[in-house]
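S.K.:
Protein chains in written order, with the numbering used here: chain U, 12 to 494; chain R, 1126 to 1326; chain B, 128 to 777.
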């Protein structure tokens, strides 16, 4: 039996990332604590090269390799790039925070890159098994990251919860996938789609499997009722890890939905549409309403994430190319906003002080008007107020839902956004109207300051000129799903 | 399927289910772990009937031989407080049982549909003399090389995570570093401190 | 450099200047700030001149610069339409802006907000250019709002003065009324024409000429009439036509360069420009044109009367601006769009001149604005005096100064118009000529002639303004004198505007004027024998009699006609009416709503629902128990629900 070497060019970014992270893992052993900055620098460099490989290898059409298990299409490339940039920002934002908390260790960066690798594998997966392995790679790295602060009981508790529930969700997902395999006889997504479209598969078993698949997916995205881990993990993890958990894995979850529901189970759109409606409605309701009662900033953002993910599902469930593109746009916008919000929280935190209470934002405008303004932009965008990218994200999703003919859902979503606006505006009120508890201005490293500025500026600029990003999403989705 | 194999299958399946129930109902964690071992054995038996010898043996070797033994050690050493662990078990049982039963009913309704049964019937039994292990290996290292490598990466993550989470130097424990001991210089051994002379009044 | 990048350069150069001066004003310092902004506007002016030559060589442009957003039905774009109408406006805007920039160096040199001021006026220039260069309604609206915004910022420039803040607020509120009409008009266009692009809309307009829509009642109204009137309401707000004119006199609270640039030469003429640009629409609705004509005529006449009794030098000029805007509007109503733009151009020069001249006087008088405390200034300020005379002659319409040509053309166009209200308009503009001549020379005589009435201290310090102030005056005086003679033939009589302006045959007196046209010389000769010229002379003579010879008479007249004076002094009670009816009425209605509606009903409902949400929120929060088995159970339960739902469905 001969073995032909697979066509490796589309996989270069992943291969490089794995090689680089292994090298950094080894290298880190020989670096003393005082020179730990090198590990950070190498990691950023690795991300940069990975991104460069990704961009250089870009072609307008889809490539597949490893017997079709790995697919490299425009959507995958765009999503991977977003994920890489997000992880790079995570590393940059968390540097000083980690230094003051004993988290400035090689493992942090290596695990982040492992998680990124998992995300990239998921994004490019065209085979159930690969998708699952990517998911596990991500979950396991994330779990280790959450628990990395060993002396924190809350972090350990959060990690434990995440681990157990993720295992349960994986179980549900695997069960669902095995049902689909049983009904269609294939693990390759296009073949599954063909089998379903041809009507050869038993619809009863398909929908049965679909239920479990949707459950597993919903857990990853953190939507109701599979959301219970989100607030605990957001609050319990070190903020640096929360920053990661709330950004790049969402990209993977989006890809997960696109590959599995739209790609493999596309012919069953009417079945999963109704399931997603329930999940989305519950998420927006519970996320927005519960967020109001929170006093912990991280927890509040966790519930806000739940509602955002519900909103994102609206785009997917509208079942049109424009809908998928709007969901992708929403996802990118969300990643930007989340990076900004947690980036600022990281900036507020100091040695031995976690700025994770809403109270800590009081009078921020008096202390540091510039950062208060950045936070203002982020909050405005999250609330979906115009002249911010969040507004256009909500707008495009809603128009896709409207085109799908679900007017009541649009009305409901708008009402929920109104409720949601309350707690975002409360943050603004705290920053601008209240007296600060302490007067000292924020201090931050130059790179942190510049990046936060860029981050908030991107939110503003894309709120004024959203067309390039909308075009990018449309093109990525269009070329990937038609071709 | 012959009547005899149906009989064996039923026996394996029944014991498997019983053992699974035992895992979650046994009061003693050691018993629960042993029930799990039993369940694995029966699962291996079922695979054997399907002519999946390699998987069957691997299950016994890996899970029974290695994982469960480790697990038993941990359970015995940790001295888990059973009463607290099982708190609320009986209180929540009716609800859990109700939902569980309903789900079982729904699953049975689906799985008993005809088409599912016909799927396996079309498969021809493997030709005699084909090595299960060899075929699996060939497939694993050619067609499935990508998932195989990914699985390897997951193992690497597990190692890194395990080390990162457990290996640490406690600040309060005393330990020796032979390298430092060897490298010591005379100046390090004795320190001369300049002090003002104090008079004894 | 390609023409396209030149087009881009025109608005972007002032924008760059504004940003530099606004963001880095401190770093650049005073000199740096005015250098970059003046440079930006100068570049813009030169580029405009080059573009103008290109356009008159026959190279028009209509295209998209940047696609902002595309939805399924419409695309929102930034685009340029470069045609004779556009370049005319570009030249006027950039030239006057450049003069005002230079003038400001002298006028504002003591002001602490020096850099801020330069940043604002450059920003204004950018906005105004985007407005006039637009090829679609969306950009027009953005430019419209942007110039409005800068105008509010500048009216309230001295934000420590309560009157400035009040004027600022008033301008803002009154313009909201106009903008609402404008926005509704654009909305109707989008709904019925399906596009925001000028060319597309104009092409479809004749097809929709017979369409009608039902407003409120069932009786249908012509669609185009509604659209045009709504758009004109927008123009009324910006171009200060009665009854939306009340903000303009108060806007004089802003620094004088602003009054010259924004509230005389450019922004207030945006409404005139807009209606001219929309001429393909207005031509199709006679009703709308009648409205335009009557509103314009009323403004021209009644605002001129108010100019007579003002004592503040800037307010006289302000009311004359209102009146002249009325003249332009009259020309629009008479379908004489080229004449309106012609008058817009000449007026921009002589009115900017008058304002800057007034500013020069105010500057010399240490910010004294009351003409009763001036007099005899011509000895101290010869350059300012001469330029002011030129400006006043142009305003009064004495040949051969610019105002004569444009005003006479308007009067002739109205006389030739046959639509309803033309008779009233003819009467109004003729009387207006007399009044205009009277108040402009009253101002001139009170300020520069007679005995000095200022206190001793001020008189000692009287001197001519520095060159940065006088040079713009001279540069503006030249076009105020000659543009009428030079441009009446091509602009009004010839094919200057090409296809940029549409005048349907049979509409208005423009066609008749063109037939009777026998050259500029003939026009002047004819004008000197016609009624308006003698009315203007009579006005000047009356002013001379009352304010040079028998100076006690005005006071006697004032005492004799106390009632009339009070009416004029209170500006026909417009402000009072607004205050009582709208402000107090709105307050009463508001407080009634507040007591009855808000406190009892809405507060009840809102607070109730807020409480409900809060309580609900507290409940939901309790679901998050923290127990892992609860979490797991909820997940399993979720699967169960999804599965059961499917079973129910199947």
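Glycine included, each C-beta is placed from N, C-alpha and C at the ideal position.
Considering Cα atoms alone, identify which of U:122, U:227 and U:137 is closest to residue 766 of chain B.
M.R.: With distances taken between Cα atoms, residue 766 of chain B lies closest to U:227.
S.K.: Which residue comes first and which comes last in the beta strand (DSSP E) that contains residue 196 of chain B?
M.R.: Looking at the DSSP string, the run of the beta strand (DSSP E) that includes residue 196 of chain B is 188 to 197.
S.K.: Taking the alpha carbon of residue 85 of chain U as the point to measure from, which residue in U:282, U:449, U:462 and U:266 has its own alpha carbon closest?
M.R.: Answer by Cα proximity: U:266.
S.K.: Could you pull out every residue in the same chain whose Cβ sits closer than 6 angstroms to the Cβ of residue 439 of chain U, ignoring the five residues on either side in sequence?
M.R.: The residues are 387 and 390.
S.K.: Relative to the C-alpha of residue 143 of chain B, which residue among B:582, B:248 and B:192 is closest?
M.R.: When only C-alpha atoms are compared, the closest one is B:248.
S.K.: Work out the CA separation of residue 74 of chain U and residue 494 of chain U for me, nearest whole Å.
M.R.: Bear in mind that a pLDDT of 49 at residue 494 of chain U, under 50, signals an unreliable position, so the number given afterwards is only what the model happens to contain. Approximately 10 angstroms, taken between the alpha carbons.
S.K.: Starting from residue 1184 of chain R, trace the beta strand (DSSP E) both ways and give me its first and last residue.
M.R.: No beta strand (DSSP E) holds residue 1184 of chain R; DSSP gives it neither H nor E.
S.K.: So that I know if they touch, is there some Cβ in chain R lying closer than 8 angstroms to that of residue 770 of chain B?
M.R.: With 8 angstroms as the cut-off, residue 770 of chain B counts as an interface residue toward chain R.
S.K.: Let's test the definition: count the other Cβ atoms within 10 Å of the Cβ of residue 376 of chain B and tell me whether it reaches 16, buried, or not, exposed.
M.R.: Residue 376 of chain B comes out buried.
S.K.: If the criterion is Cβ atoms closer than 8 angstroms, does the pair residue 508 of chain B and residue 591 of chain B meet it?
M.R.: Cβ distance < 8 angstroms, so residue 508 of chain B and residue 591 of chain B count as in contact.
S.K.: Quick one: give me the first and last residue of the beta strand (DSSP E) that residue 349 of chain B is part of.
M.R.: 347 to 349 is the extent of the beta strand (DSSP E) around residue 349 of chain B.
S.K.: In chain R, which residues lie with their C-beta within 9 angstroms of the C-beta of residue 80 of chain U?
M.R.: What residue 80 of chain U touches in chain R: 1268, 1269, 1271 and 1272.
S.K.: Is the Cβ of residue 240 of chain U closer than 8 angstroms to any Cβ of chain B?
M.R.: Chain B, which has a Cβ nearer than 8 angstroms to the Cβ of residue 240 of chain U, makes this yes.
S.K.: For residue 560 of chain B, which of B:152, B:430, B:516 and B:514 has the nearest alpha-carbon?
M.R.: Of the candidates B:152, B:430, B:516 and B:514, the one whose C-alpha sits nearest the C-alpha of residue 560 of chain B is B:430.
S.K.: So what's residue 137 of chain B in DSSP terms, helix, strand or just coil?
M.R.: Three-state DSSP puts residue 137 of chain B in a helix.
S.K.: When you compare only the Cα positions, how much space is there between residue 650 of chain B and residue 656 of chain B?
M.R.: Using only the alpha carbons, I get a separation of about 10 angstroms.
S.K.: What residue range does the alpha helix (DSSP H) around residue 141 of chain U cover?
M.R.: Its alpha helix (DSSP H) spans residues 139 to 157.
S.K.: Using a C-beta to C-beta distance shorter than 8 angstroms, which residues of chain R count as neighbours of residue 145 of chain U?
M.R.: In chain order: 1275.
S.K.: Quick check on DSSP: helix, strand or coil for residue 237 of chain U?
M.R.: Looking at residue 237 of chain U - three-state DSSP - the assignment turns out to be coil, as it is neither helix nor strand.
S.K.: Can residue 122 of chain U and residue 102 of chain U be called in contact, C-beta distance under 8 angstroms?
M.R.: Taking 8 angstroms as the Cβ cut-off, residue 122 of chain U and residue 102 of chain U do not qualify as a contacting pair.
S.K.: Determine, for residue 761 of chain B, whether the minimum Cβ-Cβ distance to residues of chain U falls below 8 angstroms.
M.R.: Judged by the 8 angstroms Cβ criterion, residue 761 of chain B is in contact with chain U.
S.K.: By alpha-carbon positions, which one of B:479, B:532 and B:556 ends up nearest to residue 432 of chain B?
M.R.: That would be B:556, whose Cα lies nearest to the Cα of residue 432 of chain B.
S.K.: Any beta carbon of chain R sitting closer than 8 angstroms to that of residue 360 of chain U?
M.R.: Not closer than 8 angstroms to any Cβ of chain R, the Cβ of residue 360 of chain U fails to qualify, so no.
S.K.: Residues of the segment 18 to 39 of chain U in Cβ contact with chain B at a cutoff of 9 angstroms, in chain order, please.
M.R.: Residues passing the 9 angstroms Cβ filter: none.
S.K.: Relative to chain R, which residues along the segment 259 to 273 of chain B have a C-beta separation below 8 angstroms, given in chain order?
M.R.: Listed by position, the residues of the segment 259 to 273 of chain B near chain R (Cβ gap below 8 angstroms) amount to none.
S.K.: Count the other CB atoms, across all protein chains shown, that sit within 10 Å of the CB of residue 457 of chain U; report buried if there are 16 or more and exposed otherwise.
M.R.: By the 10 Å Cβ count, residue 457 of chain U comes out exposed.
S.K.: Taking DSSP's pairing of strands, which residues face residue 76 of chain U in a bridge?
M.R.: The partner list for residue 76 of chain U (beta bridge, DSSP) reads U:81.
S.K.: Consider the C-beta atom of residue 304 of chain U and the heavy atoms of the ligand PLP; say whether any pair is separated by less than 7 angstroms.
M.R.: Absence of the ligand PLP from the depicted structure is noted, as is the absence of any ligand whatsoever, leaving it without description.
S.K.: Bridge partners of residue 439 of chain B, per DSSP?
M.R.: B:497, per the DSSP bridge assignment.
S.K.: Just by C-beta distance, which residues in the segment 260 to 288 of chain U are closer than 7 angstroms to chain B?
M.R.: The segment 260 to 288 of chain U vs chain B, Cβ under 7 angstroms: 286.
S.K.: Determine the extent of the alpha helix (DSSP H) in which residue 673 of chain B is found, giving its start and end residues.
M.R.: Note, residue 673 of chain B: premise wrong, no alpha helix (DSSP H); not H, not E.
S.K.: Using a C-beta cutoff of 8 angstroms, does residue 152 of chain U count as contacting chain R?
M.R.: Taking Cβ atoms only, chain R reaches closer than 8 angstroms to residue 152 of chain U, which makes this a yes.
S.K.: Classify residue 661 of chain B: buried if its beta carbon has 16 or more other beta carbons within 10 angstroms, exposed otherwise.
M.R.: Exposed, by the Cβ-count rule.
S.K.: Taking just the CA atoms, how far does residue 134 of chain U sit from residue 270 of chain U?
M.R.: Straight-line Cα distance between these residues: approximately 8 angstroms.
S.K.: Going by DSSP, which residues form a beta bridge with residue 361 of chain U?
M.R.: For residue 361 of chain U, which the question treats as bridged, DSSP gives the partners U:364.
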